[in-house]
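Counting in the working numbering, the sequence shown runs from 1090 upward without gaps. The next block holds one structure in the form of structure tokens; read it before the comments.
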Amino acid sequence: MKLVKKILWVLLIALVVIQFIRPEANASTDTSGNIKNLYTVPENVEAILVKACNDCHSNNTVYPWYSKVQPVAWWLDDHIKEGKSHLNFDVYTSYNLRRQYHKMEEVIEQVKEKEMPLNSYTWVHSDAKLTDDERVVLTNWAQSVMDTMKANYPIDSLIRKKN
């Protein structure tokens, strides 16, 4: 019984100590690379991006209360970093043209296939669930970005050639 008590005390102390080891917040005021600087983002699209995408795909996450609890914050931090590595709307204009174009293709595909937003995100953030109409708005916008790119740049600068 004494051994169990010692183990529980050690676990409790460890749990308290890890509360002081926090990841850096995903918050930035730099908007120089934001997609809005290069392409039109209508208000209705912006609203969808804010509610369903930006927490993981921008440099500004709105953190829920449980992000203050370790080890949950570490898991969230990893999840956010992974999301940003795939697509970050706050550095979008720094991507080369081919990558910008491809990212919009991926937005269309993943939104249509209901792969985004992730179920693990919408399970906790029910307001982030996209309606069918919102999915259409978002995919139409992504297509309009691609159309703008096609109108302004040679197609071979946008699409990787197949060998």
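Ideal placement from N, C-alpha and C gives every residue a C-beta, glycine not left out. These figures come from a predicted structure and were not determined experimentally.
Requested in this report: Take H1168 as the anchor and find which of V1130, L1207 and W1230 has the nearest alpha-carbon.
Outcome: When the alpha-carbon of H1168 is set against those of V1130, L1207 and W1230, the nearest one is in L1207.
Query raised in the report: Any idea which residues DSSP pairs A1116 with across the strands?
Result: Paired residue(s): N1149.
Query raised in the report: Beta carbon of S1246, beta carbon of L1186: below 8 Å?
Result: Contact flag set, yes.
Report task. Compare the beta carbon distance of A1114 and A1217 with 8 Å and say whether it is the shorter of the two. Result -> Cβ distance not < 8 Å, so A1114 and A1217 don't count as in contact.
Query raised in the report: Where does K1173 sit, in a helix, a strand or coil, going by DSSP?
Result: If DSSP states are grouped into helix, strand and coil, K1173 belongs with the helices.
Report task. Under 8 Å by Cβ, that's how I've got L1219 and I1124 pegged, so tell me the actual separation to the nearest angstrom. Result -> Actually they are not in contact, since the Cβ atoms of L1219 and I1124 sit about 18 Å apart, beyond 8 Å.
**Report entry** Integer-rounded CB distance, given that P1112 should sit under 8 Å from W1163
**Finding:** With 8 Å as the limit, W1163 and P1112 qualify as a contact, their Cβ atoms being about 6 Å apart.
**Report entry** Distance between Q1108 and W1154 (C-alpha atoms, nearest Å)
**Finding:** Computed Cα separation, rounded: 14 Å.
Query raised in the report: Whose C-beta lies closer than 6 Å to the C-beta of F1178 among residues of the same chain, with five residues either side of it excluded?
Result: Result list for F1178: I1124, H1146 and S1147, in chain order.
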